[in-house]
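Protein chains in written order, with the numbering used here: chain A, 41 to 583; chain B, 1347 to 1613.
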């Protein structure tokens, strides 16, 4: 009998292509994972408190700082990048030292890493604390750390108080002053008013302005006193170079002993730094402090973009797919919409600036905010125009996804709805749209990912390097659609390429990139979870 | 009711209308292709009428014209007329939506909506704007009892209809079709995707439903037609070949084509 199988079966046709496909996928996965690991390791290492190393150099000078990385120069010579801090003295917070110049290195325990409001970190050897009442605490005293800690705490409390007085209380007075200013100008312009009545109103406004001015002066004095108190106590310290300096306690934010800290102490500092990064305002031209305004701005803008684009896109797709007579015109429209996705995003930015900001915004100002002119309210970039521009940019994504989802709704359930006496709109609204919702949400996820990462158009329509206030706060009317805002993508560009000390900013660039990715992932996950829940409910039945 | 040549069966107090649906010389085209050729037939009230014939013979097309479902397809046209209770379906004054409320339909593939069992049953009421809770509850129970599904699903009325088995889904679709009490129930091969036990249940159901509804069923299964239909119409290539009481068709067919089909020599 002939054997049933050949001893060595020939591989089925097409086998190499399976391998080719798998290889393509593998390359993609490795690239994504590599990029993520690079950003993750660089972004997180910013927050880890390293040890401070003291180098003696050939020329006799001493350098102390954290080793950031080693790099090999063109000639093969090794070079160390060192974070020395003390920007106020050295000019830059980083310097490069050739390995051949180093005579010896040690890790003396006396160093203190101090976080400051201005000029970034300082790496120093403490000498003494000079308090406002004249007492001095030497650095070797056992109570030194506790005293310094309590000074830092007091300084932080005073800072909060100053901020409350200056931002909240004086801010409220400023708003009232501006309002009465606008009212005054409106009075001047109102020709229908008789002169007597006008003078009466003017006087009333002037009186209330005078009261406000008085209130302002007391508050300003209060703020001055608090600021003076910030400079009452001093920390005397010595740099690695031997230079003696002093720093007012009000400028200190935190401190730790980098060379005698245990592992758990380091972990604690690691997380407190991450927390600071997530919740604080930026300082020092954005290279220090946190990026909370940028996180918040990105989040609000992306959400607003989704709210604007989804209804428009879905309605457009419903008309295109369900109502319009399928023919040449509809095909042309569909092709145009698809091609819209290929237009460079900066073009959308220019359109947003020209149409939304200069045309629509100016018209809105004329109609609703004419009292404030010539200061523009909506006639300048703002979060609403930015969201609208991005909504336009992502519209094709939503339309295409919705159309696909509508086509995928089985014919059977449409017919069933019509046979049950539903009108066409009832069929779409009650049966077709619910079945298509998971597909539409997929489109929203894609649109969100595209919109959140976009930078170029935003630069034209409302993103700024530093926004003084958030687009959403506790001052009526709470939503400030006209405000400029900060954005993580723009923040990355600004830090990496527009900052004077790019070495100092590099860690922040990675950390910000990590955060942008995480924000997009979190928002996408939320949409995907919603989609999966709906999909379970609307799963297409099978026998 | 005038005296007709066909004997009017009398049940209780009503006289049943032997010409509930009257198809008059009806032809139908999909674009250039003619699917139905000059069909004329009367479908009696509260009986089960089965349409049989090989695939592509126009039986489904005719059925879907009875509630004007074919209007949805582009490029169709017709000649002749179909009358429901003496009124033309194609009269310009006829509103398709109200017509479909009088003529319910069950499809070949069960097609529950992506909604709960409850919402599936009351769909036709909701789209008609009837949202009174007590009324809906009552309709759900009577409709589901009618299709013998109530006891199986009464504890999970608000769960997705997609959790049901194939036979249950098809019975749910029947419950949905009868929820707003149409006069006529059209069934397009309702059992073709079901196993024999589920099929049997639906056949039992049909013999109960004909007490209240006029049923027109398209089927490929001649045994099924024999079991449930009062009248049977045999179609071939878009033409009505023979229309007679079921027993006559199966025991004493008048036309040679019919005989060949039911004896399994063709189709």
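For glycine and all other residues, C-beta sits at the position ideal for the given N, C-alpha and C.
Assign residue 1374(B) to buried or exposed, taking buried as 16 or more other Cβ atoms, counted over all protein chains shown, within 10 Å of its Cβ. Buried, by the Cβ-count rule.
For residue 1390(B), three-class secondary structure by DSSP: The DSSP-derived three-state label of residue 1390(B) is coil.
Secondary structure at residue 1493(B), three-state DSSP: helix, strand or coil? Annotated three-state conformation of residue 1493(B) is coil, per DSSP.
From the DSSP output, read off the bridge partner residues of residue 178(A). According to DSSP, which records beta bridges pairwise, residue 178(A) is partnered with 168(A).
Is the beta carbon of residue 103(A) sitting closer than 9 Å to the one on residue 137(A)? Judged by beta-carbon spacing, residue 137(A) lies within the 9 Å limit of residue 103(A), meaning their Cβ atoms are closer than that value.
Are the segment 327-336 of chain A and the segment 518-533 of chain A touching by the rule of at least three beta carbon pairs closer than 8 Å? Touching, yes, given that three or more Cβ pairs across the two stretches are closer than 8 Å.
Less than 9 Å separating the beta-carbons of residue 151(A) and residue 142(A)? No, the Cβ-Cβ distance between residue 151(A) and residue 142(A) is not below 9 Å.
Interface flag, residue 383(A) vs chain B, CB-CB below 9 Å: Not one chain B Cβ lies under 9 Å of residue 383(A).
Identity of the residues DSSP links to residue 1380(B) by a beta bridge: Paired residue(s): 1375(B).
Rank 101(A), 99(A) and 345(A) by C-alpha distance to the C-alpha of residue 491(A) and give the top, closest one. Nearest to residue 491(A) by alpha-carbon distance, out of 101(A), 99(A) and 345(A), is 345(A).
Please decide whether residue 446(A) counts as near chain B, where near means a Cβ-Cβ distance under 9 Å. Residue contact check for residue 446(A) against chain B: no CB pair falls below 9 Å.
Cα-Cα separation, residue 161(A) to residue 239(A): Their backbone Cα atoms lie some 57 Å apart in a straight line.
Using a Cβ cut-off of 8 Å, which residues of the segment 1451-1478 of chain B contact any Cβ in chain A, in chain order? Under the 8 Å Cβ criterion, the segment 1451-1478 of chain B contributes 1451, 1453, 1455, 1456, 1457, 1458, 1459, 1460, 1461, 1469, 1470, 1472, 1473 and 1474.
CB-CB under 7 Å to residue 571(A), same chain, minus the five flanking residues each way: which ones, in chain order? Hits under 7 Å: 478, 481 and 482.
With the cut-off set at 9 Å, would you say residue 1511(B) and residue 1544(B) are in Cβ contact? For residue 1511(B) and residue 1544(B), yes; Cβs fall inside 9 Å.
For a test of the three-state rule: what should DSSP assign to residue 125(A), helix, strand or coil? Shown here, residue 125(A) sits in a strand according to DSSP, grouped into three states.
Sequence-distant residues of its chain with Cβ nearer than 6 Å to residue 337(A) (five each side left out): Here residue 337(A) has 525, 526 and 527 as same chain residues with Cβ atoms under 6 Å from its own Cβ, once five neighbours each way along the sequence are excluded.
Of all Cβ atoms in chain B, is any one closer than 9 Å to the Cβ of residue 455(A)? In terms of beta-carbon proximity, residue 455(A) lines the interface with chain B, with at least one pair separated by less than 9 Å.
Could you check the C-alpha separation between residue 1601(B) and residue 1450(B) for me, to the nearest Å? Answer to the nearest angstrom: the Cα atoms are 32 Å apart.
Measuring only between beta-carbons, confirm whether residue 1590(B) sits less than 9 Å from chain A. Between residue 1590(B) and chain A, the shortest Cβ-Cβ separation is not below 9 Å.
Using a Cβ-based criterion (distance less than 8 Å to any ligand heavy atom), does residue 180(A) qualify as near the ligand HEM? The ligand HEM is absent from the structure shown, which contains no ligands of any kind.
Taking all protein chains shown into account, decide if residue 1504(B) is buried (16 or more other Cβ within 10 angstroms of its Cβ) or exposed. With fewer than 16 other CB atoms across the displayed protein chains lying within 10 angstroms of its CB, residue 1504(B) is exposed.
Quick check on the DSSP output: the alpha helix (DSSP H) that includes residue 531(A) runs from which residue to which? For residue 531(A), the uninterrupted alpha helix (DSSP H) run begins and ends at 528-538, by DSSP.
Within 9 Å of any Cβ in chain B, is that where the Cβ of residue 479(A) sits? No, residue 479(A) does not count as interfacial toward chain B.
Starting from residue 138(A), trace the beta strand (DSSP E) both ways and give me its first and last residue. The continuous beta strand (DSSP E) containing residue 138(A) extends over residues 134-138.
From residue 167(A) to residue 414(A), what does the alpha carbon distance come to, in whole angstroms? The alpha-carbon atoms of residue 167(A) and residue 414(A) are separated by roughly 56 Å.
Same chain, Cβ closer than 8 Å to residue 1597(B), neighbours up to 5 away in sequence not counted: Take residue 1597(B), set aside five residues on each side of it, and no residue of its chain has a beta-carbon closer than 8 Å to its own.
Enumerated in chain order, which unbroken segments of the alpha helix (DSSP H) with a length of 4 residues or greater are wholly contained in the segment 170-231 of chain A? List check, alpha helix (DSSP H) in window: 184-203 and 210-229.
With 16 other CB atoms within 10 Å as the buried threshold, where does residue 1588(B) fall? Buried.
Cβ neighbours of residue 1499(B) in the same chain (closer than 6 Å, five flanking residues each side left out): So the list reads 1463, once near-sequence residues are dropped.
Short check: CB of residue 349(A) to CB of residue 476(A), under 9 Å? In this structure, residue 349(A) keeps its C-beta atom at 9 Å or more from the C-beta atom of residue 476(A).
Can you check DSSP and say which residues form a bridge with residue 322(A)? Note: residue 322(A) sits in a beta bridge opposite 329(A).
Cross-strand partners of residue 593(A) (DSSP beta bridge): Absent from the structure is residue 593(A), since the part of chain A shown begins at 41 and ends at 583.
I'd like the ranges of any alpha helix (DSSP H) spanning at least 4 consecutive residues and lying wholly in the segment 412-481 of chain A. If we require 4 residues or more, the alpha helix (DSSP H) runs fully inside the segment 412-481 of chain A come out as 423-448, 451-459 and 464-467.
So for residue 248(A), helix, strand or coil by DSSP? Assigned with DSSP and collapsed to three states, residue 248(A) falls in helix.
Could you run through the segment 1406-1419 of chain B and flag, in chain order, every residue whose CB is less than 8 Å away from some CB of chain A? Cβ contacts with chain A come from 1413, 1415 and 1418.
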